[in-house]
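Written out below as structure tokens is the structure these notes cover.
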Amino acid sequence: MNSPILLQPDETFILNVGPQHPATHGVLRVKMEMNGEYIVNAETVIGYIHRMHEKMGELKTYPQFLMNLSRMDYLGALGYSHGHVLLVEKASGIVVPERAEYIRAIMVELNRIASHLFWFGAFVMDLGGFSPLMYALQDREHILDMLEAVTGSRLTYCYFRFGGLYNDVDDDFITAARQFIPRMRKSMKKYHKLVTGNIIFRKRLEGIAPLSKEMCRKYGASSAVARGSGINFDVRKNEPYSVYPEFDFDVPVYHECDSLARYMVRMDEIEQSLRIVEQGLDKLPGGPIMPDKKPKLIKPPVGDYYQAVETARGSFGIRLVSDGGKNPYRLKLRSPTYSNMHLFDEACRGMMIMDALAFMGSLDLVIPEIDR
Amino acid sequence: MIYEKIKTTLSSLFPDPVPVPPEEESAGDDQEKKVKSPPPPRQDGLLEREYSVHGYHLDAQISPAQLIAAVTMLDDAEFFIESITGVDWIKDNQLEVVYDFSRYDFDLCRVVIRTRIDRQSPVVPTITSIYPGANWHERETHDFFGIKFDGHPNLIPLLLPEDADFHPLLKDFKA
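Laid out in structure tokens, this is it:
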């Protein structure tokens, strides 16, 4: 197990994990100083797919920037778009019809499930189990088909508009979503039987990579990284936005602080998202999906504005500084994995390399979202 | 309520309240002049913001020398660091560094700390000794704006190429 050993720092070598490495799931490089199997020091090098979205935010008008948000986190794209539209609506005083806001929440939650499913498959694959990925992708496929029929794309959605949505949901979508909920619940039982109870799986995760509450706070960690360390923090509950106060759902919190706790939080979140989708479908009001009155040109008044949302990967913040023009003066994107990944360097010291890779998987990284 | 608490703590940074400038008589000619001359940059001080409009509660503009003291106050009150970023106010010949803080508990309070520095010699002290998580945020701000964080342990390009000598978010940046 991960018992502390007497490290001899003079007998080290440098190991480069990445930029192209299957365990990093993207173009991420970690420069590790190793003493045998143990990590003495690690330095994460990011920026390989940095695209300067924040500059694009200044150069493009508000509607032109809508599509950029889904190119950051390609697995849970809708959550990021949600933050952006909420921010601009708040700043320019656009009122969103209730139906649109409900559909947004349903879509974001479905997207969250899809993102968690992909993470689940990839995480177990990191630990050496290949077949769960295939099952997870099969379930995810149903969500992508549903989203594709409504939004027109499978991955990089541009579905939300300022004030509402681009397209209304039809009866086919509602039927498909209703059928999906029991199917997903059945699959969750299967996953828990197949993976969660597996002795090898548990031995790889239990007690590995403990993250203290204090460390999470100092680095600004969110999502399952914070909730796996006993911090009851979910932006949907702590700072309610959209129609989330209307839904009855729980925030899973585990106090073990290890990699298994982070795994359990995400697995439980799938069930909570299903509950939100279910209630959203029940409560879905009629009416328009775009407001009647909407400014032709989006020009938020001078000032600065902040909006945080809970995406699949954690607390995504977006800060807008407006000078009253048709382009933002400054648009800051605070991505959650950036903060979650940052604590890796400190947390993995003294860990065995295979434990560190399991730990990295439990952080749920999407590299384009770190690099922006 | 943490809001009242942190408001009292932060206002101790500003012993002299900013004198409110007397309202000028609004004659027609004066108003035209006002439109032409840009508003002066904001003075240091603590402002309360309407949360439903701006998305945060407290907005403190401080001098760079007060930064460590202000961030220590927030650390003692168990705030977590959300992000650090910059804004280029080229018309005022100033750069602004913006620090966002928030809380994990249900006592919602978002605090923004901002400090303005000269555009030609932008230096602020680092807060990595208080919040280790500020490390990447400060490196990123250095990448994008060229702001130097005095005392930062490793101020090398993070997102930009390792030999980058340009700062793309400055308003006078030409690709």
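Chains S and G supply the protein sequences, listed in that same order. In case it helps, this note's numbering puts the first sequence at residues 1 to 372. In case it helps, this note's numbering puts the second sequence at residues 1001 to 1175. Glycine included, C-beta positions come from ideal geometry on N, C-alpha and C.
query                                                                                                                              : result
Whole runs of the alpha helix (DSSP H) within the region 58-97 of chain S, excluding any shorter than 4 residues                   : 66-69, 77-92
8 Å Cβ cut-off: residues of chain G touching methionine 34 (chain S)                                                               : None at all; the shortest Cβ gap to chain G is about 20 Å.
Buried or exposed (CB count within 10 angstroms, at least 16 for buried), glutamate 89 (chain S)                                   : buried
Reduced DSSP secondary structure (H/G/I, E/B, other) of lysine 293 (chain S)                                                       : coil
Closer than 8 Å at the beta carbon, the chain S residues around aspartate 1100 (chain G)                                           : Tyr306, Gly317, Arg319, Arg334
Cα-Cα separation, proline 252 (chain S) to aspartate 1076 (chain G)                                                                : 27 Å
Strand pairing of threonine 1085 (chain G), partner residues [DSSP]                                                                : G:Val1098
Segment contact flag, the region 81-101 of chain S with the region 238-250 of chain S, C-beta cutoff 8 Å, min 3 pairs              : yes
Near-chain S residues of the region 1069-1085 of chain G - C-beta to any C-beta below 9 Å                                          : Asp1075, Glu1078, Phe1079, Phe1080, Ile1081, Glu1082, Ser1083, Thr1085
Residues within the region 331-363 of chain S neighbouring chain G, beta-carbon criterion of under 8 Å                             : Lys332, Arg334, Tyr338, Ser339, His342, Leu343, Glu346
Spatial neighbours of glutamate 269 (chain S) in its chain, beta-carbon cut-off 8 Å, leaving aside the 5 residues before and after : Arg112, His116, Ala224, Pro252
Contact test: lysine 186 (chain S) Cβ vs the ligand FAD heavy atom, cutoff 7 Å                                                     : In terms of ligand content, the structure shown is empty, and the ligand FAD therefore cannot be addressed.
C-beta neighbour in chain G for isoleucine 298 (chain S), strict 8 Å                                                               : no
Within-8 Å CB hit, proline 1064 (chain G) to chain S                                                                               : no
Those residues which DSSP pairs with glutamate 43 (chain S) across a bridge                                                        : S:Lys31
The region 1138-1154 of chain G contacting the region 1085-1096 of chain G, beta-carbon criterion three pairs below 8 Å            : yes
C-alpha distance - glycine 36 (chain S) paired with glutamate 256 (chain S), whole-angstrom precision                              : 28 Å
Segment contact flag, the region 1106-1125 of chain G with the region 1055-1068 of chain G, C-beta cutoff 8 Å, min 3 pairs         : yes
Exposure label - leucine 59 (chain S); buried when at least 16 CB within 10 Å                                                      : exposed
For phenylalanine 160 (chain S) and histidine 53 (chain S), believed in contact at Cβ under 8 Å, the rounded distance              : No, histidine 53 (chain S) and phenylalanine 160 (chain S) are not in contact; Cβ-Cβ is about 17 Å, not under 8 Å.
Selected residue, minimal CA-CA separation from phenylalanine 162 (chain S), among S:Pro19, S:Leu66, S:Val321                      : S:Leu66
Cα-Cα separation, leucine 260 (chain S) to lysine 1091 (chain G)                                                                   : 52 Å
DSSP state of valine 366 (chain S) mapped onto helix, strand, coil                                                                 : coil
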